[in-house]
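Visitor:
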């Protein structure tokens, strides 16, 4: 039991969870089902990757005391921001069709032609591509599943923050 609660395995577990999640998104959702990610999906993936990077750094560094809390805070903030994007995405998907935003340009086009601040604003607003529910599993859309992932990632991060050892 004590080995399970060590810092390194928990952070490494977070890292593995993010790798599995990204592999599922890339190989199954994109390549097998042919579902291209919308701008909000890409943003959520970036936050999953960010949690994974911080978790991997923490697992490799194996910090104690305040170092563990710094890594846990970085993971928690990344998961919370990703969760906020996922909630925005879920909200867009649950809008009545007549209130859903119109489809916009691709993320690549916006990054090439617009200033970053404007691109960020447009991406966070979402567009018609983000409002469409294209796949579900167990009654949950992709952003709902991603929100559940962020809740788990945040929960483990909070555990790392508040535990004594």
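Residue numbers (the numbering used here): 352 to 516. Just so you know, even glycine gets a beta-carbon here, dropped at the ideal spot from N, CA and C. The model shown is predicted, which means the values in this text are computed figures rather than measured ones.
1) In whole angstroms, what is the alpha-carbon distance linking residue 398 and residue 375?
2) Report yes or no: do three or more beta-carbon pairs, one from the region 402-412 and one from the region 356-365, lie closer than 8 Å?
3) Do residue 432 and residue 505 have their CB atoms nearer than 8 Å?
4) Using DSSP's beta-bridge definition, name the partner residues of residue 487.
5) Under 8 Å, do residue 429 and residue 405 count as touching if we go by C-beta distance?
6) Under the rule that 16 or more other beta-carbon atoms within 10 Å means buried, what is residue 495, buried or exposed?
7) Where does the unbroken alpha helix (DSSP H) through residue 514 begin, and where does it stop?
8) Our contact map puts residue 511 next to residue 419 with C-beta atoms below 8 Å; I'd like the distance itself, whole angstroms only.
9) Could you tell me how far apart the beta carbons of residue 501 and residue 434 are, in whole angstroms, since I believe they sit closer than 8 Å?
Guide: Taking the geometry as given:
1) Position 47 of the chain shown, counted from the first residue, corresponds to residue 398. Position 24 of the chain shown, counted from the first residue, corresponds to residue 375. Each residue's alpha carbon lies about 16 Å from the other.
2) yes
3) The count along the chain shown starts at 1 and reaches residue 432 at position 81. The count along the chain shown starts at 1 and reaches residue 505 at position 154. The answer is no: Cβ separation not under 8 Å.
4) The residue labelled residue 487 in the question sits at position 136 within the chain shown. In DSSP, residue 487 forms a bridge with 492.
5) The count along the chain shown starts at 1 and reaches residue 429 at position 78. The count along the chain shown starts at 1 and reaches residue 405 at position 54. Result yes, Cβ atoms of residue 429 and residue 405 sit closer than 8 Å.
6) Position 144 of the chain shown, counting from 1, holds the residue named residue 495. By the 10 Å Cβ count, residue 495 comes out buried.
7) On the chain shown, residue 514 is found 163 positions in, with the first residue counted as 1. Element bounds for residue 514: n/a, residue is neither H nor E.
8) Here the question's residue 511 lines up with position 160 in the chain shown. Here the question's residue 419 lines up with position 68 in the chain shown. The pair is a contact, with the Cβ atoms about 6 Å apart (cut-off 8 Å).
9) Along the chain shown, read from residue 1 onward, the residue named residue 501 stands at position 150. Along the chain shown, read from residue 1 onward, the residue named residue 434 stands at position 83. 4 Å between Cβ atoms; contact.
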